[in-house]
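There are 2 protein chains.
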Amino acid sequence: MEQQRSEHPSLVKPLRCIVKLGGAAITCKNDLEKINEAHLEMVATQLTQVMISGSSSSKVPGMDWSKRNGMSGISINVENYQELSESSSFIVVHGAGSFGHFQASQSGVHKGGLERPIVKAGFVATRISVSTLNLEVVRALAREGLPSLGLSPFSCGWSTRGKNIASANLSTVAKALDSGFIPVLHGDAVLDELQGCTILSGDVIIRHLAEHLEPDYVVFLTDVSGVYDRPPTEPDAVLLKEIAVREDGSWSVVKPPLEDNHVKMTAAAHDTTGGMETKISEAAIIAKLGIDVYIVQAATTHSIRALSGDLKGNIPDDWLGTAIRFAG
Amino acid sequence: MEQQRSEHPSLVKPLRCIVKLGGAAITCKNDLEKINEAHLEMVATQLTQVMISGSSSSKVPGMDWSKRNGMSGISINVENYQELSESSSFIVVHGAGSFGHFQASQSGVHKGGLERPIVKAGFVATRISVSTLNLEVVRALAREGLPSLGLSPFSCGWSTRGKNIASANLSTVAKALDSGFIPVLHGDAVLDELQGCTILSGDVIIRHLAEHLEPDYVVFLTDVSGVYDRPPTEPDAVLLKEIAVREDGSWSVVKPPLEDNHVKMTAAAHDTTGGMETKISEAAIIAKLGIDVYIVQAATTHSIRALSGDLKGNIPDDWLGTAIRFAG
């Protein structure tokens, strides 16, 4: 389907997990360029807990040495950095939330046409906005001691062709992982070979990374408990706890048992961002590779269970979220 | 000398100029992570003047649509973006100044050794700091209507081998240029094949870009008038106005006539950043390619003459700065 020119780098250390930080989970959706600081900090704390071995016993020293983070510019206490805390291999990808959407929708970056001044300006404005969020996410993770490096897909040379990924340089991501860092990618404005430019979503990035770097599991952190059979704001909405994906790509709900065992995808199953339909179909493609996908509310006891990988064997009854897995 | 695996992309439109914004010119050097807002704005204004045809007659609409720049998130006035202002092809590279140096020197990122926690943390902290500055430079240029896109060398896949450039993906830079954007690169922390990591300086980036993308001319914007025969703070310091580079790489001062016609490079010729020796040798390599190099004080009448390319034929007597050219 895709015409890819990307390499297929092999990692020295196997990739444990790709985490999506949903835009709605880490920003205040209806407030232009406002970060949900409390949620982002909680997400960073949970990631530290699951990624850095022994991190619960002692505080991991921070890696954001900027003035804004209270640095005087005089000296760093090197003694805090004696102990090597081995972190397992994660990739973080975040959405845009209230960053980037305004700039992209006002100018129509997703529809292309870079020869039009408004689109060109919107492309610049969108990248400024999403880069601002990326820097804040990297900062938040670094403050908790996670060795995070921002990697903009545009800068990495990712481009599309008719909205499919045409070129995606994974070697920088792989090198960063192999050097013990956590690459932090994001939904971005990129060049498109057919229409000039478009928006490359975080979900498409995750699918591409999962296909090529084969993580143990993938976690989508969102602002609702998971995938429901209808909008979660409706009173009778039922959380779909387990979805099985078959070899032919079709999928069905395993838990809970539903009357017609099918969710009407056209309008019924979505979250408030309206993106759940894309999310399930992207997740199903990942699950078909044999990679478990967990969709769960960020900054909860359920999200930490998903992030730790404990769900791989069996989904406990008291876990709230949606697991999407290959049924063979 | 270098073992390069980089491609050699050809540009659709010839590259007019590579501009270096010296760290000392756009930041307050002794004040951690403080931008010299007035200088940066003046630099952006001058770049708009020389790059966008007809920009003196009407205000070019801005491209930073962020909340911090006064956007409400309600709507953009699309009518402001009707007219296509054709910008000529420029690349901007900036130094770090008071961003990045503190983090890099405290941890020894330039000496390598990523297996040491302090170096790993310093690598993360340095990239956060220089990315912060890069975003501010892109914002400042975008506010003046320049279609600027931040491109971090690390993200672009640049790496070194024993401090020489080992890999430098120029295709993203070339594609951005061909799509009418201004790539904005910067000195960055990068991976090194021999010592694990190092600092890749803006000057080395410029030399590499000049060798492969062959601009008409290169301008270094600094915080002093140019290259002097001794520290410019000394009373008898003489500004070297023209330096001729010969085929064998040696160089001599053409204007003004000096007594021994040689500057003692070991300690004599430098600016306050201590980096002028590197700057001349990097500039000489560029000049040897037949590309004029102008070193000039930022945000002055002299810098705009250098940026416009008017000096290519002849250096007027009233121009203050240092021109470094190939003498054949």
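Respectively, the protein sequence lines represent chains A and B.
For the first sequence, the positions run 1 to 328 when full-length UniProt numbering is used.
For the second sequence, the positions run 1 to 328 when full-length UniProt numbering is used.
C-beta: ideal position from N, C-alpha, C; glycine also.
On a predicted model such as this, the values are computed, not experimentally measured, just so you know.
Count the other C-beta atoms from every protein chain shown that fall within 10 angstroms of the C-beta of residue i, then say buried if there are 16 or more, exposed otherwise.
i: B/Pro232; result: buried
i: B/Asp188; result: buried
i: A/Ala166; result: buried
i: A/Leu177; result: buried
i: A/Thr27; result: buried
i: A/Asn77; result: exposed
i: B/Asn169; result: buried
i: B/Pro235; result: exposed
i: B/Ala125; result: buried
i: A/Ile74; result: exposed
i: A/Arg139; result: buried
i: A/Lys241; result: buried
i: B/Leu160; result: It should be noted that the sequence gives Thr, not Leu, for residue 160 of chain B. The residue in question, B/Thr160, is buried, as its Cβ has 16 or more Cβ neighbours within 10 Å.
Pull the bridge partners of residue i from the DSSP assignment, please.
i: B/Asn164; result: B/Arg161
i: A/Pro183; result: A/Leu149
i: B/Val245; result: B/Trp251, B/Phe326
i: B/Thr48; result: DSSP output for B/Thr48 lists no bridge partner at all.
i: B/Gly196; result: B/Asp192
i: B/Leu221; result: B/Leu21, B/Val296
i: B/Leu239; result: B/Tyr228
i: B/Ile35; result: B/Thr27
i: B/Ser98; result: Looking at the DSSP assignment, B/Ser98 forms no beta bridge with any residue, so it has no partner.
i: A/Ser87; result: A/Ile52
Answer yes or no: does any C-beta atom of chain A fall closer than 8 Å to that of residue i?
i: B/Phe220; result: no
i: B/Arg5; result: The predicted model places B/Arg5 with a pLDDT of 44, which falls under 50 and marks its position as unreliable; any figure quoted below should be read in that light. So, not an interface residue.
i: B/Lys175; result: yes
i: B/Arg139; result: yes
i: B/Cys156; result: yes
i: B/Ala142; result: yes
i: B/Gln46; result: no
i: B/Asn164; result: no
i: B/Ser308; result: no
For chain B, check one thing: does any of its Cβ atoms lie closer than 8 Å to the Cβ of residue i?
i: A/Val124; result: yes
i: A/Met51; result: no
i: A/Phe326; result: no
i: A/Phe90; result: no
i: A/Met1; result: In this prediction, A/Met1 scores a pLDDT of 38, lower than 50, which makes its location untrustworthy; the coordinate-derived value is nonetheless stated afterwards. Judged by the 8 Å Cβ criterion, A/Met1 is not in contact with chain B.
i: A/Ser10; result: no
i: A/Leu213; result: no
i: A/Gln103; result: yes
i: A/Leu114; result: yes
i: A/Ile205; result: no
i: A/Val19; result: no
i: A/Asn36; result: no
Closer than 7 Å by beta-carbon distance: list the chain B residues that pair up with residue i, in chain order.
i: A/Met63; result: Ala121, Val124, Ala125
i: A/Leu191; result: Lys175, Ser179
i: A/Thr172; result: Ser155, Gly157
Run down chain A in chain order and give the residues with a C-beta less than 7 Å from the C-beta of residue i.
i: B/Ile118; result: Val78, Tyr81
Specify, as a first and last residue, the run of the alpha helix (DSSP H) that residue i falls within.
i: A/Asp178; result: 171 to 178
i: A/His302; result: 301 to 308
i: A/Phe102; result: 101 to 107
i: B/Phe123; result: 117 to 143
i: A/His212; result: 202 to 213
For residue i, go through chain B and note every residue whose CB falls closer than 8 Å to its CB, in chain order.
i: A/Leu135; result: Ile128, Ser131, Thr132, Leu135
I want to verify the contact list: residues of chain A whose CB lies under 9 Å from the CB of residue i, in sequence order.
i: B/Glu33; result: Ser66, Lys67, Arg68, Met71, Gly73
Who are the neighbours of residue i on chain A, taking C-beta pairs under 8 Å?
i: B/Pro147; result: Lys120, Ala121, Phe123, Val124
i: B/Asn169; result: Gly157, Asn169
Can you pull the chain B neighbours of residue i, defined as C-beta to C-beta under 9 Å?
i: A/Gln106; result: Trp65, Ser75, Ile76, Val78
i: A/Gln195; result: Under the 9 Å cutoff, chain B gives no residues; its nearest Cβ is about 12 Å from A/Gln195.
Start and end of the beta strand (DSSP E) containing residue i?
i: B/Ser90; result: In the sequence on display, residue 90 of chain B carries Phe and not Ser. That run of the beta strand (DSSP E) goes 90 to 94.
Counting only C-beta atoms, is residue i closer than 8 Å to chain E at any point?
i: A/Leu151; result: The question asks about chain E, but that chain is absent: this structure's protein chains are A and B.
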